[in-house]
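Participant: So the protein sequences, as listed, match chains A and B. Per numbering that gives the first Met the number 0, residue 0 is the first one in the first sequence, and the count goes up by one each step. Per numbering that gives the first Met the number 0, residue 0 is the first one in the second sequence, and the count goes up by one each step. A virtual CB, placed ideally from N, CA and C, is assigned to each residue, including glycine. Predicted, not measured: the structure shown is a model, and the values here were computed from it.
Number of protein chains: 2
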Amino acid sequence: MGEITIHNKIITSASNLFYANGYNSTGINEIISKSGIAKATLYSHFKSKEDICMAYLKQRHDSFLESLKSYVSKRKKGRNQLLAIFDLLRDMYREEDFHGCWGLKTLGELSPKQKKILGVIQKQKKELLLYLGEVVGDNITNISKAETEKISGGIYLLYDSAITESHLFKNDWPIYTARSIAPLLFANSEVVQ
Amino acid sequence: MGEITIHNKIITSASNLFYANGYNSTGINEIISKSGIAKATLYSHFKSKEDICMAYLKQRHDSFLESLKSYVSKRKKGRNQLLAIFDLLRDMYREEDFHGCWGLKTLGELSPKQKKILGVIQKQKKELLLYLGEVVGDNITNISKAETEKISGGIYLLYDSAITESHLFKNDWPIYTARSIAPLLFANSEVVQ
DNA sequence: ATAAGAAAAGACTGGTCTGTCTAGTTATCC
DNA sequence: GGATAACTAGACAGACCAGTCTTTTCTTAT
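1. Look up threonine 176(B) in the DSSP assignment and say whether it is helix, strand or coil.
2. Taking 8 Å as the CB-CB cut-off, is alanine 161(A) touching chain B?
3. First and last residue of the alpha helix (DSSP H) that includes aspartate 137(B)?
4. Quick check on the DSSP output: the alpha helix (DSSP H) that includes glutamine 80(A) runs from which residue to which?
5. Count the other CB atoms, across all protein chains shown, that sit within 10 Å of the CB of lysine 169(B); report buried if there are 16 or more and exposed otherwise.
6. For aspartate 96(B), which residues from the same chain have a beta carbon less than 8 Å from its beta carbon, with the 5 sequence-adjacent residues on both sides left out?
7. Buried or exposed: which applies to tyrosine 158(A), given that a residue is buried once 16 or more other Cβ atoms fall within 10 Å of its Cβ?
8. Can the beta-carbon of serine 151(A) be found closer than 8 Å to that of leucine 128(A)?
9. Just checking my contact of leucine 56(B) with threonine 105(B) at CB under 8 Å: how many whole Å lie between their CB atoms?
10. By the three-class DSSP mapping on this structure, what secondary structure does glutamate 94(A) have?
11. Indicate whether at least one CB of chain A lies closer than 8 Å to the CB of serine 193(B).
12. Consider the Cβ of lysine 33(A): report whether some Cβ of chain B lies at a distance smaller than 8 Å.
13. Mind checking arginine 93(A): buried by the 16 CB within 10 Å criterion, or exposed?
14. Could you pull the start and end residues of the alpha helix (DSSP H) that phenylalanine 17(B) belongs to?
15. Against chain B, with Cβ distances strictly below 8 Å, would phenylalanine 185(A) count as a contact?
16. Report buried or exposed for asparagine 28(B), applying the criterion of at least 16 other Cβ atoms within 10 angstroms of its Cβ.
17. For my contact list, glutamate 108(A) and glycine 21(A) are in at a C-beta cut-off of 8 Å; report their separation, rounded to the angstrom.
18. Please classify alanine 177(B) as buried or exposed, where buried requires at least 16 neighbouring CB atoms within 10 angstroms.
19. What does the alpha-carbon distance come out to for the pair proline 173(A) and alanine 181(A)?
20. Rank Leu167(B), Asp137(B) and Lys48(B) by C-alpha distance to the C-alpha of asparagine 188(B) and give the top, closest one.
21. The alpha helix (DSSP H) that contains arginine 59(B), what's its start and end?
22. Taking only beta-carbon atoms, is phenylalanine 45(B) less than 8 Å away from chain A?
23. Go to aspartate 159(A), then tell me how far its alpha helix (DSSP H) extends in each direction, as first and last residue.
24. Counting along the chain, where does the alpha helix (DSSP H) carrying lysine 104(B) start and finish?
25. Give the single residue among Tyr175(B), Val135(B) and Ala161(B) whose Cα lies nearest to the Cα of valine 191(B).
26. Which same chain residues, not among the five before or five after serine 12(A), have their C-beta less than 6 Å away from its C-beta?
27. Buried or exposed: serine 193(B), going by 16 or more other Cβ atoms within 10 Å of its Cβ?
28. Helix, strand or coil: how does DSSP classify glutamate 189(B) here?
29. Please classify serine 43(B): does DSSP put it in a helix, a strand, or coil?
30. Assuming isoleucine 5(B) and histidine 44(B) are in contact, meaning their beta carbons sit under 8 Å apart, how far apart are those beta carbons, in whole angstroms?
31. Using a Cβ-Cβ cutoff of less than 6 Å, which residues in the same chain neighbour valine 119(B) once the five nearest sequence positions on both sides are dropped?
32. For the alpha helix (DSSP H) that contains glutamate 29(B), what are its first and last residues?
33. Could you check if threonine 25(B) is buried or exposed, using at least 16 other CB atoms within 10 Å of its CB as the buried criterion?
34. Can you find the residues in the same chain that come closer than 8 Å, C-beta to C-beta, to lysine 8(B), ignoring five residues on each side of it along the sequence?
35. Hey, out of Lys122(A), Lys76(A) and Asn23(A), whose CA is closest to threonine 140(A)'s CA?
36. Please list the residues of the stretch 167-180 of chain A that have a C-beta atom closer than 8 Å to any C-beta atom in chain B, keeping them in chain order.
As structure tokens, then:
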């Protein structure tokens, strides 16, 4: 865990480049020069640029979801846990290398042929949606499946636009607006105290 | 107006290609072959690919805003006008060549250097936000500036995530969810009858 | 010490990219 | 009819692309 393997070095360098400059604009040569490795070494660890992209997406998503779970678990039950995702986003926005959502950024670059990468992004977003559903279930009592989906879907939509728009405008108003709107979703629900 | 000039042919071809396959994945040669023109002709109308991109964004945005204004004006005052943007989005989604938001799609491809295109996207999104503010002002009475901004900002965020997520999932649930959430924004306001 | 494996360095293939330039063709207007 | 402008076709430059391969160097385990 956390070892500095060549594998990790490649993913880290590629991740920074893809996230900052875009997938199509980043060349293999940039990745190897930033990793300080030879080209043949890279291709002995990954069979294609597409594979590196999927590893990049997975790494970002896994670490995001881990952070989110930690943010949720560190908060009091109820409203605070339901809004934890916006606290995380606010802190992500404050990082100097914030460039919005890695998944949606990559989605914009895909041509309809690149089904594999699309599948990865869809899977990750569904995973987030599912987790938000759990958080809603844990923090709101006596709630139907339809209501759960509406609330978690709403938080999801607000989060995804907040991350994209704060990046677009280079301003955090979308995060605060989204966070202030989210409670309307469960205003008439039995939020756990 | 609406003449079939070479200028328009270039924008139309480029627009379809950029929107479907992405900006970086679309080559000049593809654009000229789809336009049925020679390369020198293209470069006598546009000085660079970046310029074509900006014309593409402008054309999509202008036509979107025109449609939106028409959708709003054709609806009864009040709730229907406030939600008109989601009706438009639903109809856009049903078009066979729907690929989400042209602006956000392009945003994902930009490296931090491409300030000009970023500026165009920011300007367009601000224009949409401003127009939504007008619609809110026209349809809700006795409302403060802060409340107007919260409601129009909320509709804006819901619209932008709905367009992106419906494209990502190839499903219209985000549009209906966003539309069903939006009224919560003005539940306690004086909506014009 | 030696054998085996991993990695470095970078040449190379075959292709793509944007943008320029030259030539020849067509259309238009006086 | 002759001039002017707009267009076509495609060669070309110079750079970059992903991915393969060879050769040399280094590390490590027995």
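Facilitator: In this structure, then:
1. helix
2. yes
3. 114-138
4. 78-81
5. exposed
6. Asn15, Tyr18 and Ala19
7. buried
8. It is a contact, given that the beta carbons lie within the stated cut-off.
9. 6 Å
10. In the structure shown, glutamate 94(A) sits in coil (DSSP, three-state: anything other than H, G, I, E or B).
11. In the structure displayed, chain B extends from 0 to 192; residue 193(B) sits before or after that span and is not available.
12. It does not: the Cβ of lysine 33(A) has no partner Cβ on chain B nearer than 8 Å.
13. exposed
14. 5-20
15. no
16. exposed
17. Correct: roughly 6 Å between the Cβ atoms.
18. buried
19. 12 Å
20. Note that residue 188(B) is serine in the sequence shown, not asparagine. Comparing Cα positions, the closest option is Asp137(B).
21. Boundaries of the alpha helix (DSSP H) around arginine 59(B): 48-72.
22. no
23. 144-168
24. Unbroken alpha helix (DSSP H) run through lysine 104(B): 101-106.
25. Checking every option, the nearest Cα to that of valine 191(B) belongs to Val135(B).
26. Ile30, Lys33 and Ser34
27. Chain B is shown only over 0 to 192; residue 193(B) falls outside these bounds and no answer can be derived.
28. strand
29. Helix at serine 43(B).
30. 6 Å
31. These residues qualify, in order along the chain: Met53 and Leu56.
32. 27-34
33. buried
34. Exclusion of the five residues before and after lysine 8(B) leaves Ser34, Gly35 and Ile36 as the residues of its chain whose Cβ lies within less than 8 Å of its Cβ.
35. Lys76(A)
36. Residues of the stretch 167-180 of chain A with a Cβ closer than 8 Å to any Cβ of chain B, in chain order: Leu167, Phe168, Trp172, Pro173, Thr176, Ala177, Ser179 and Ile180.
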